[in-house]
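Colleague:
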Amino acid sequence: MEHKGYSMQVVNFTEARNNLKSLCDTVYADSEEIIVNRKNGENVVIISLESYNALQETSYLMASPKNKERLLNSLSNARAGKVTQRELAE
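The opening residue of the sequence shown carries number 7 in this note's numbering; numbering runs sequentially from there.
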């Protein structure tokens with residue numbers, strides 16, 4: 007399955023159940039997501055805890071409209087090469 011420029015592994019529930027250790031190892035080692043299709047259409051995604059935490063942090067940071075605007079402007083400026091290098095205060 008293609009999603010935003012990269013492919014995701016898709017397995018059915020039986021495959022996931024029979025190969026859970028291997029799938030978890032792949033998710034962790036390769037930072038991949040795996041979609042588990044279920045007969046009832048209630049599909050799930052297996053992701054690493056690190057990826058989940060990153061998604062939660064992004065969601066938190068983007069929840070504030072003002073913070074979201076500042077972050078998106080900063081990303082836009084960085085992509086346009088409008089950056090200034092600074093030293094971090096200790």
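For each residue, glycine too, the CB sits at the ideal point set by N, CA and C. Fair warning: this is a prediction, and the values are worked out from it, not measured in the lab.
#1: Quick one: residues in its chain with C-beta nearer than 7 Å to the C-beta of Asn73, no 5 flanking neighbours on either side, listed in chain order?
#2: For Leu77, collect the residues of the same chain with a Cβ closer than 8 Å to its Cβ; drop the 5 residues on either side in sequence, then sort them by chain order.
#3: Among all the DSSP beta bridges, which residues are the ones paired with Asn83?
#4: Check whether the segment 23-38 and the segment 58-65 are in contact - that is, three or more C-beta pairs closer than 8 Å.
#5: Hey, how far is the Cα of Val42 from the Cα of Lys27?
Modeller: Based on what the coordinates show:
#1: Counting from 1 along the sequence shown, the entry for residue 73 is found at position 67. These residues qualify, in order along the chain: Leu67.
#2: Translated into positions along the sequence shown, residue 77 becomes position 71. Setting aside the 5 residues that flank it on each side, Leu77 is surrounded in the same chain by Leu67, Met68, each with a C-beta closer than 8 Å to its C-beta; the list follows chain order.
#3: Position 77 of the sequence shown holds residue 83. In the DSSP output, where bridge partners are listed per residue, Asn83 has none listed.
#4: No, because fewer than three Cβ pairs between the segment 23-38 and the segment 58-65 fall closer than 8 Å, the two stretches do not touch.
#5: Here residue 42 is taken as the residue at index 36 of the sequence shown, counted from 1. Here residue 27 is taken as the residue at index 21 of the sequence shown, counted from 1. Roughly 14 Å between the two C-alpha positions.
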